[in-house]
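Below is one structure, written out as structure tokens; the observations come after it.
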Amino acid sequence: RKTATLSPFCFFFFLLMFLRFLLLRVPQCFVFHVLSPHLKNSPSLFHPTPALKDDRFQMVLFTPQLVRITLTNVSVSDEGGYFCQLYTDSTHHQVATLSVSVPPETPTVEVKEEAVEGGDTKLTCVSPRSKPAATLRWMRNGREIPGTVSQQDNGKTFSVYNTITIPVERKDNGAALNCEAQHPALNGQKRVRHHRLDVYFAPTVRIVPPTGILREGDSLSLTCSITGNPLRTEKCITLTYVPIFLGEVNICVYVIYIYFLLCSLSDPGAVVETHSAVPYAVIGGVLALLVFTVICVLIVTIWCSVRQKGSYLTHEASGLDEHGEVQEAFLNGNDASQGKKEYLL
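So, in structure tokens, the structure goes:
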């Protein structure tokens, strides 16, 4: 009876021990593959206890010899040591270190100072986040512009700055500059930011007169071209006509005044002021006034000269008449003397 009661107990005991032996022979090791376009074929080993709580981990393979999981949307926060542990009579483990590379985005350009004709402008190319630090270069017409490079450590990532200071002239307005970012994770490619210089320079006014000789009945066309940066969109042009007559010559002087209206469209109660946009217009008006004054002085001088000469000729002719009367009196003899006597009486 005792043997019959002990046999089932011993059978189940040995069965449990055998199952325990089989379970302990299964390796508790997970192979971790990083799914990232920048870190392909970079396996790491991982201990699943804390990390399997993340929804980004997925179990893709489970066998007595291999357990494989994947992690999507890898970030720098996933960096660190990953363990592969094997539980047998003695525990074995291996540690692998995961390092995540962060490629830079397209850099941005910061304008430190406005570009003014004859001065210098300061431009800064910024790569706010990369790991390892990206390499920034300024390029113009295929040539590198040397600049001052600085870095800022943000913990696991870096911010990189490249600042250049270049002189600018009027001809540089609209010139193209490129800021290039290079990084090992880009596989030889570049992230490029294009920038165009915006150079401020004083406006100039040029009046293009019509070609050829104008005749009576022709149409007069004057072209006024304005170049400058920046240019106001609202302007007022006043055309003044000054006629000058000199004998048979008719001189027409046109003076063009250009004003810019400086007002804020968002402020309905703003007071609009007019300012002379170009000093050359004022200079042209002054010169036209001077020419008009000189011509008037010449007209008055010529008129006075002609009048004085005509008066002299009149007096001279009067003298000749008196002399003729004397000759006539001399030829008439007594009649003239008698007439003279009668005149005296």
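So the working numbering is basically just the index in the sequence shown, starting at one, shifted up by 250.
Using N, Cα and C, we set each Cβ at its ideal position, and we do this for glycine too.
Problem - Helix, strand or coil at D370 [DSSP, three-state] - result: The residue you call residue 370 lines up with position 120 of the sequence shown. Residue state, collapsed to three classes: strand.
Problem - CB-CB length for T407 against S377, believed under 8 Å - result: Taking the first residue of the sequence shown as 1, we reach residue 407 at position 157. Taking the first residue of the sequence shown as 1, we reach residue 377 at position 127. Rounded to the nearest angstrom, the Cβ distance from T407 to S377 is 10 Å, too far for a contact under 8 Å.
Handout entry: Nearest-angstrom Cα separation, counted from A365 out to R441
Key = For the purposes of this step, residue 441 is taken as the residue at position 191 of the sequence shown. For the purposes of this step, residue 365 is taken as the residue at position 115 of the sequence shown. If I take the Cα positions, the gap works out to 25 Å.
Problem - Where I552 falls: helix, strand or coil (DSSP) - result: Taking the sequence shown and counting its residues from 1, the one referred to as residue 552 is at position 302. I552 falls in the helix class under three-state DSSP.
Problem - Paired residues, beta bridge with C636 - DSSP - result: For the chain, the structure presents residues 251 to 595; residue 636 sits outside this window and is missing.
Exercise for the section: Would you grab the beta carbon distance between R443 and P357 for me? Rounded to a whole angstrom, and I think it's under 8 Å. Expected result: As a position in the sequence shown, residue 443 is number 193, starting the count at 1. As a position in the sequence shown, residue 357 is number 107, starting the count at 1. Sure, about 5 Å apart at Cβ, within 8 Å.
Problem - Contact set for T385: own chain, Cβ-Cβ below 6 Å, skip 5 residues either direction - result: If you number the sequence shown from 1, residue 385 lands on position 135. If we look at T385 and ignore the five residues flanking it on each side, its Cβ neighbours are Q432.
Handout entry: I457, DSSP secondary structure in three states
Key = The residue given as residue 457 occupies position 207 in the sequence shown. Three-state DSSP puts I457 in a strand.
Practice task
Please classify D468: does DSSP put it in a helix, a strand, or coil?
Solution key: Residue mapping note: residue 468 aligns to position 218 of the sequence shown, counting from 1. Coil.
Practice task
In the DSSP assignment, find the unbroken beta strand (DSSP E) run with T407 in it and report its ends.
Solution key: As a working mapping, residue 407 is identified with position 157 in the sequence shown. Note, T407: premise wrong, no beta strand (DSSP E); not H, not E.
Handout entry: Cβ-Cβ separation, V449 to E367 (assumed contact under 8 Å), whole Å
Key = As a first step, residue 367 must be located in the sequence shown, where it is residue number 117. As a first step, residue 449 must be located in the sequence shown, where it is residue number 199. Rounded, the Cβ-Cβ distance is 6 Å, consistent with contact.
Practice task
Please name the residue or residues paired with I395 in a DSSP beta bridge.
Solution key: The residue you call residue 395 lines up with position 145 of the sequence shown. Partner(s): W388.
Exercise for the section: Tell me, to the nearest whole angstrom, how far the beta carbon of L389 is from that of E430; I am working on the premise that it is less than 8 Å. Expected result: Locating residue 389 in the sequence shown gives position 139, counting from the first residue. Locating residue 430 in the sequence shown gives position 180, counting from the first residue. Just to set this straight, residue 389 is Met in the shown sequence, not Leu. Correct: roughly 6 Å between the Cβ atoms.
Handout entry: Backbone CA spacing between T371 and V361 [nearest angstrom]
Key = Looking up residue 371 in the sequence shown gives position 121. Looking up residue 361 in the sequence shown gives position 111. Approximately 8 Å between the Cα atoms of the pair.
Exercise for the section: Look up C334 in the DSSP assignment and give the residues it is bridged to. Expected result: The residue you call residue 334 lines up with position 84 of the sequence shown. Paired residues: Q344.
Handout entry: Host beta strand (DSSP E) of A425 (start-end)
Key = Against the sequence shown, residue 425 aligns to sequence position 175. Premise fails: A425 is in no beta strand (DSSP E) and is neither H nor E.
Exercise for the section: Check whether the Cβ atoms of G424 and A452 lie closer than 8 Å to each other. Expected result: Translated into the one-based positions of the sequence shown, residue 424 becomes position 174. Translated into the one-based positions of the sequence shown, residue 452 becomes position 202. No. Outside cutoff.
Practice task
Output yes if chain C places a C-beta closer than 8 Å to the C-beta of L537; else output no.
Solution key: Absent from the structure is chain C; it holds one protein chain and no more.
Exercise for the section: Take every Cβ of the region 318-333, pair it with every Cβ of the region 344-353, and state whether three or more of those distances are shorter than 8 Å. Expected result: Output reads yes: the region 344-353 touches the region 318-333.
Handout entry: Neighbourhood of Q402 by C-beta distance below 6 Å, restricted to the same chain and skipping five residues each side
Key = Your numbering for residue 402 matches position 152 in the sequence shown. Excluding residues within five positions, the ones whose Cβ falls inside 6 Å are S409.
Problem - Beta-carbon spacing of L316, F307 below 8 Å - result: If you number the sequence shown from 1, residue 316 lands on position 66. If you number the sequence shown from 1, residue 307 lands on position 57. No, they are not a contact pair.
Exercise for the section: Using the Cα positions of N412 and L481, report the straight-line distance between them to the nearest angstrom. Expected result: Working through the sequence shown from its first residue, we reach residue 412 at position 162. Working through the sequence shown from its first residue, we reach residue 481 at position 231. Their Cα atoms are separated by approximately 31 Å.
Handout entry: Contacts around L285, its chain only, beta-carbon distance under 6 Å, and the 5 residues preceding and following it disregarded
Key = The sequence position of residue 285 within the sequence shown is 35, counting from 1. A caution first: L285 carries a pLDDT of 42, below 50, which makes its placement in the model unreliable, though a value can still be read off. Counting only Cβ-Cβ distances below 6 Å, and skipping sequence neighbours, we find T320, T322.
Practice task
With a threshold of 16 other CB atoms inside 10 Å of the CB of V324, please say whether the residue is buried or exposed.
Solution key: Within the sequence shown, the letter at position 74 stands for residue 324. Result: buried.
Handout entry: Opposing strand residues paired with R443 [DSSP bridges]
Key = The sequence position of residue 443 within the sequence shown is 193, counting from 1. Beta-bridge pairing links R443 to C429.
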